[in-house]
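Residue numbers (mature numbering (1 follows the signal peptide of the UniProt record, and there is no 0)): -16 to -1, 1 to 186.
We put the CB at the ideal spot given by N, CA and C, even for glycine.
So the structure is just underneath, and the comments pick up after that.
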């Protein structure tokens, strides 16, 4: 009986360590809204390091017949990601192209949305990777999982206005080196536009 108890405790400890490691962020960013969308319907963002001092990425938008988000590496002065389509006003038709540093190629993908009664499920297919993220009512954190393994890949959390002032601000955490940062930053921006701008009364 004692041996079984010790074995159970050891297995529980190993499982707890693995879970803790899987949720240790390898990179963290604070993403701030640049200006409230007054003259254009979509929001621009800047991604800073976790101390909110150094600019790392710029997210720039345009809105016409086809809306776009362009992601720039601020330090390298290069474009590393692009989204095109429609994702506001109840429409969701999104395609993306992201630079893959491992293959040194641009890889296309798509993002889809399934609307539920109290939740939205976003799915992203890119470079043979299938990711899923669920946005639930009254929840500020959206987690991004590998659909096949259920491994936590990243998350973004919306800060309350009393913490961030009059502009939107997100804490973005990435738990894997398998995917480029563009996946998480572009997903965050699309979800923000799709959900936050619809009923924004500010």
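Residue 140 holds the alpha-carbon nearest to the alpha-carbon of residue 159 among 175, 153, 140 and 151. If you look at residue 173, you'll find it in the alpha helix (DSSP H) that goes 165 to 179. Assignment of residue 80 by DSSP, reduced to helix, strand and coil, places it in the strand class.
Secondary structure of residue 17 (DSSP, three-state): strand. Taking a 10 Å sphere around the C-beta of residue 16, we find 16 or more other C-beta atoms and assign the residue as buried.
Distance from the Cα of residue 49 is smallest, within the candidate group 58, 130 and 25, for 25. Nearest in C-alpha terms to residue 18, of all of 121, 32, 72 and 63, is 32. Ranked by Cα distance from residue 64, the options 96, 142 and 86 are led by 86. Take the alpha-carbon of residue 98 and the one of residue 117: they are about 11 Å apart. Just measuring C-alpha positions, the residue of 45, 58, 30 and 88 sitting nearest residue 70 is 45. The DSSP-derived three-state label of residue 141 is strand. C-alpha of residue 66 to C-alpha of residue 41: approximately 13 Å in a straight line. Contact annotation: residue 68 and residue 52 have beta-carbon atoms nearer than 7 Å.
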